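Peer 1:
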Amino acid sequence: LIMLPSCVPATPADVGGAVLGHHELAGFIGREGVVGLGEMMNVPGVLSGDPEVAAKMSLCDSVDGHAPLLAGKQLNAYIAAGAQSDHECTNLAEAREKLMRGMYIMIREGSTERNLEELIPLATPATASRLCFATDDRHADMLVSEGHIDDCIRKAVASGCEMEVAIRMATLSAAERFGLRDRGAVAPGRIADFCVLKPGREFVVDRTFRAGVEIGSETYRRPACRSRPFRCRPPAPGDCAIPGGITARVIRIVEHQILTEAPDIFIPPGSIPDVTRDILPAVVCDRYHASGFGAGLVSGLGLTSGAIASSVSHDAHNIVGAGADPADLVKAIEEVIRHGGGMAAVRGDDVVVLPLPCAGLMSDLPYEEVAGRLGELERMTRAMGGIAHPFMYLSFLALTVIPHRRLTERGVFDADRFCDVPLFFNGD
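So the sequence shown is numbered by the working numbering: it starts at 13 and just counts up by one.
(1) Please name the residue in 431, 242, 262 whose C-alpha comes closest to that of residue 369.
(2) Around the Cβ of residue 133, are there at least 16 other Cβ atoms within 10 angstroms (buried) or fewer (exposed)?
(3) Would you call residue 297 buried or exposed, if buried means 16 or more other Cβ atoms sit within 10 Å of its Cβ?
(4) Relative to the C-alpha of residue 29, which residue among 326, 384, 215, 361 is closest?
(5) DSSP has residue 307 in a bridge; who is on the other side?
(6) On the DSSP letters alone, give me the boundaries of the alpha helix (DSSP H) that residue 232 sits inside.
(7) Quick one: Cα of residue 44 to Cα of residue 276, how far?
(8) Give the range of the alpha helix (DSSP H) segment to which residue 63 is assigned.
(9) Considering only DSSP beta bridges, list what residue 117 is partnered with.
(10) May I ask which residues mark the beginning and end of the beta strand (DSSP E) holding residue 181?
(11) Could you tell me whether the region 388-400 touches the region 347-354, where touching means 3 or more Cβ pairs closer than 8 Å?
(12) Where do the N-terminal and C-terminal ends of the beta strand (DSSP E) with residue 423 fall, by residue?
(13) Let me check understanding here. Comparing Cα to Cα, which of 180, 95, 90 lies closest to residue 48?
(14) Is residue 419 helix, strand or coil by DSSP?
(15) From residue 284 to residue 335, what distance separates their C-alpha atoms?
(16) Could you check which residue in 426, 342, 21, 352 has the C-alpha nearest to that of residue 374?
(17) With H, G and I counted as helix, E and B as strand and the rest as coil, what does DSSP make of residue 367?
(18) Rounding to the nearest angstrom, what Cα-Cα distance links residue 171 and residue 118 in this structure?
(19) Based on Cα-Cα distance, which residue from 128, 31, 100, 68 lies nearest to residue 415?
(20) Near residue 437, what residues of its chain come up, given a Cβ to Cβ distance below 8 Å and the 5 sequence neighbours on each side ignored?
(21) Can you tell me whether residue 396 is helix, strand or coil according to DSSP?
(22) Quick check on DSSP: helix, strand or coil for residue 206?
(23) Rounded to whole angstroms, what is the Cα-Cα separation between residue 355 and residue 19?
(24) Would you call residue 330 buried or exposed, if buried means 16 or more other Cβ atoms sit within 10 Å of its Cβ?
(25) Going by DSSP in three states, residue 322 sits in which element: helix, strand or coil?
(26) Out of 188, 396, 429, 225, state which residue places its alpha-carbon closest to the alpha-carbon of residue 357.
(27) Can you name the start and end residues of the alpha helix (DSSP H) that residue 406 belongs to?
(28) Can you tell me which residues form a DSSP beta bridge with residue 357?
(29) Excluding the 5 residues preceding and the 5 following residue 268 in the sequence, name in chain order all residues of the same chain whose CB lies nearer than 6 Å to its CB.
(30) Would you check if the region 104-113 and the region 134-149 touch, i.e. whether three or more CB-CB distances between them fall below 8 Å?
(31) Kindly indicate the opening and closing residues of the alpha helix (DSSP H) around residue 46.
(32) By the 10 Å Cβ neighbour count, where 16 or more other Cβ atoms means buried, how is residue 78 classified, buried or exposed?
(33) To the nearest angstrom, how far is the alpha carbon of residue 209 from that of residue 162?
(34) Just checking my contact of residue 110 with residue 87 at CB under 8 Å: how many whole Å lie between their CB atoms?
(35) Measuring CB atoms only, is the region 147-154 touching the region 178-189, in the sense that at least three cross pairs come out at less than 8 Å?
(36) Identify the continuous beta strand (DSSP E) that holds residue 334 and give its terminal residues.
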């Protein structure tokens with residue numbers, strides 16, 4: 013089942029490889045498997061009555077929202093425009109307000125977006141029909157080791173949620189959210205899509221059925237993987253140098269969240285990379301038009317040596333990288349380009365790469381191999397001093413629709429004011 017992408021690019025501020033307007037999306041309406049419009053991230057466009065945004069939202073009966081920290085009259089306007097759900101809630105008060113105003117709340121638990129423990133007190137028999145689970149972004153190694161929605165059920169129950177409520181959220185409520193009246197429960201007249209669990213209360217999936225037929229990995233046929241060369245001008249090590257003696261707009265990563273903080277920090281001359289204060293150079297390289305790259309400073313990755321880079325960079329998916337060594341940073345970016353996309357960790361002569369040849373976003377390897385390679389990357393970055401899941405945090409560094417500060421191929425972006433800002437702070 014597919015929700016049509018509503019924001020390609022995510023905002024007019026993004027430079028990506030394609031533009032999908034309402035005319036292009038209209039051609040997919042009525043196709044099998046299309047059930048609605050995916051998360052409408054362009055909140056300013058919705059609130060300002062942008063005609064193109066309004067035209068997209070009018071295409072589908074089901075419209076997913078994306079409105080981090082939106083509240084009050086602006087939230088009312090966003091809902092009135094057609095947004096029906098939100099998966100971006102990060103605190104209980106935010107989720108409760110949106111629920112009370114009629115939205116479906118998707119309680120998210122991803123690799124880095126850990127919101128379930130904070131939000132699960134919202135789940136009761138009275139609210140369960142308007143709640144469901146989401147993982148949003150969850151790495152393959154976490155899918156293998158912890159699971160998917162089944163993991164959300166386990167964590168919800170362990171956090172005090174009633175078992176029946178958690179199961180309803182994962183099944184019937186999710187189906188009803190998308191208007192799928194023919195599934196979501198084992199009952200006469202419904203499609204027999206269901207899982208059989210192993211005995212006990214651990215909610216471990218034993219067998220899976222689709223339309224009454226048991227399925228497994230041997231029945232899956234992988235589609236052909238199409239790749240194309242990147243059009244990218246990588247930086248040189250000297251391009252990553254940040255002059256000091258001035259206050260800079262730093263992007264600070266927040267653990268277990270995709271929201272960032274926006275501190276303005278004085279940078280002494282010659283201090284970047286500053287591993288003592290965990291302030292590192294970061295770049296985003298345009299991989300579609302070879303227009304160049306934007307440079308900034310990121311805090312919170314924890315790297316004390318080496319560098320990492322990735323072509324998974326929401327939502328334009330340009331190449332994003334950061335590191336404690338400018339030469340390693342350039343090399344990591346070059347490894348991503350050389351493989352036609354992927355994730356790379358570099359420390360001197362030590363290089364670990366997970367190639368992602370399918371559009372620079374997906375692997376054509378079996379999931380076990382992908383999970384194994386991700387594990388290698390994780391071990392490598394831990395040895396470099398990095399935090400857990402650094403590539404996931406890195407992937408959100410350029411997402412201009414998430415508060416508060418981001419980095420694009422043009423430089424630093426203020427996600428609250430929706431505009432580019434200079435790296436160096438002048439008091440504005």
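In this text, a Cβ means the ideal position worked out from N, Cα and C, and glycines have one as well.
Computed from a predicted model, the values in this text were never measured in an experiment.
Peer 2: Result, derived from the coordinates:
(1) As a first step, residue 369 must be located in the sequence shown, where it is residue number 357. Measuring from the Cα of residue 369, the nearest candidate turns out to be 242.
(2) Stepping through the sequence shown from its first residue, residue 133 is reached at position 121. Exposed: under 16 other Cβ atoms inside 10 Å.
(3) For this step, residue 297 is matched to residue 285 along the sequence shown. Buried, by the Cβ-count rule.
(4) The sequence position of residue 29 within the sequence shown is 17, counting from 1. Closest by alpha carbon: 326.
(5) Within the sequence shown, residue 307 is the residue found at index 295, counting from 1. DSSP output for residue 307 lists 295 as bridge partner(s).
(6) Position 220 of the sequence shown, counted from the first residue, corresponds to residue 232. Run containing residue 232: none; DSSP gives neither H nor E here.
(7) By one-based count along the sequence shown, residue 44 stands at place 32. By one-based count along the sequence shown, residue 276 stands at place 264. When rounded, the distance between both Cα atoms is 50 Å.
(8) Locating residue 63 in the sequence shown gives position 51, counting from the first residue. Counting along the chain, the alpha helix (DSSP H) containing residue 63 begins and ends at 63-69.
(9) The count along the sequence shown starts at 1 and reaches residue 117 at position 105. The partner list for residue 117 (beta bridge, DSSP) reads 98, 143.
(10) Here residue 181 refers to the residue found at position 169 when the sequence shown is read from its first residue. First-last for residue 181: 175-182, but that is the alpha helix (DSSP H), not the beta strand (DSSP E).
(11) no
(12) As a working note, residue 423 is residue 411 in the sequence shown. From DSSP, the beta strand (DSSP E) with residue 423 extends over 423-426.
(13) Residue numbering aside, residue 48 sits at position 36 when the sequence shown is read from its first letter. Among 180, 95, 90, the Cα nearest to that of residue 48 is on 95.
(14) Start at 1 with the first residue of the sequence shown, and residue 419 comes out as number 407. Residue 419 falls in the strand class under three-state DSSP.
(15) For the purposes of this step, residue 284 is taken as the residue at position 272 of the sequence shown. For the purposes of this step, residue 335 is taken as the residue at position 323 of the sequence shown. Roughly 10 Å between the two C-alpha positions.
(16) Within the sequence shown, residue 374 is the residue found at index 362, counting from 1. Measuring from the Cα of residue 374, the nearest candidate turns out to be 352.
(17) Working through the sequence shown from its first residue, we reach residue 367 at position 355. Note: residue 367 maps to strand in three-state DSSP.
(18) The count along the sequence shown starts at 1 and reaches residue 171 at position 159. The count along the sequence shown starts at 1 and reaches residue 118 at position 106. Near 17 Å, if we compare the C-alpha coordinates of residue 118 and residue 171.
(19) For the purposes of this step, residue 415 is taken as the residue at position 403 of the sequence shown. Per the Cα distances, 100.
(20) Locating residue 437 in the sequence shown gives position 425, counting from the first residue. Cβ neighbours of residue 437 beyond the five flanking positions: 258, 259, 260, 261, 276.
(21) On the sequence shown, position 384 is the one that residue 396 refers to. In the structure shown, residue 396 sits in coil (DSSP, three-state: anything other than H, G, I, E or B).
(22) The residue labelled residue 206 in the question sits at position 194 within the sequence shown. DSSP places residue 206 in strand when its eight states are reduced to three.
(23) Counting from one through the sequence shown, the residue named residue 355 turns up at place 343. Counting from one through the sequence shown, the residue named residue 19 turns up at place 7. Cα to Cα, residue 355 sits roughly 24 Å from residue 19.
(24) Walking along the sequence shown from the start, residue 330 turns up at place 318. So residue 330 ends up on the buried side.
(25) Counting from 1 along the sequence shown, the entry for residue 322 is found at position 310. Strand.
(26) Counting from one through the sequence shown, the residue named residue 357 turns up at place 345. Ranking the options by Cα distance to residue 357, first place goes to 396.
(27) On the sequence shown, position 394 is the one that residue 406 refers to. From DSSP, the alpha helix (DSSP H) with residue 406 extends over 402-407.
(28) To locate residue 357, count along the sequence shown from 1; it is residue 345. Paired residues: 320, 364.
(29) In the sequence shown, counting from the first residue as 1, residue 268 sits at position 256. The answer, listed in chain order, is 126.
(30) yes
(31) Working through the sequence shown from its first residue, we reach residue 46 at position 34. No alpha helix (DSSP H) holds residue 46; the beta strand (DSSP E) holding it covers 46-52.
(32) Mapped onto the sequence shown, residue 78 falls at position 66. Residue 78 is buried by the Cβ-count criterion.
(33) Position 197 of the sequence shown, counted from the first residue, corresponds to residue 209. Position 150 of the sequence shown, counted from the first residue, corresponds to residue 162. Their Cα atoms are separated by approximately 10 Å.
(34) Numbered from its first residue, the sequence shown carries residue 110 at position 98. Numbered from its first residue, the sequence shown carries residue 87 at position 75. About 7 Å separates the two Cβ atoms, so the contact holds.
(35) no
(36) On the sequence shown, residue 334 is found 322 positions in, with the first residue counted as 1. First-last of the beta strand (DSSP E) with residue 334: 331-335.
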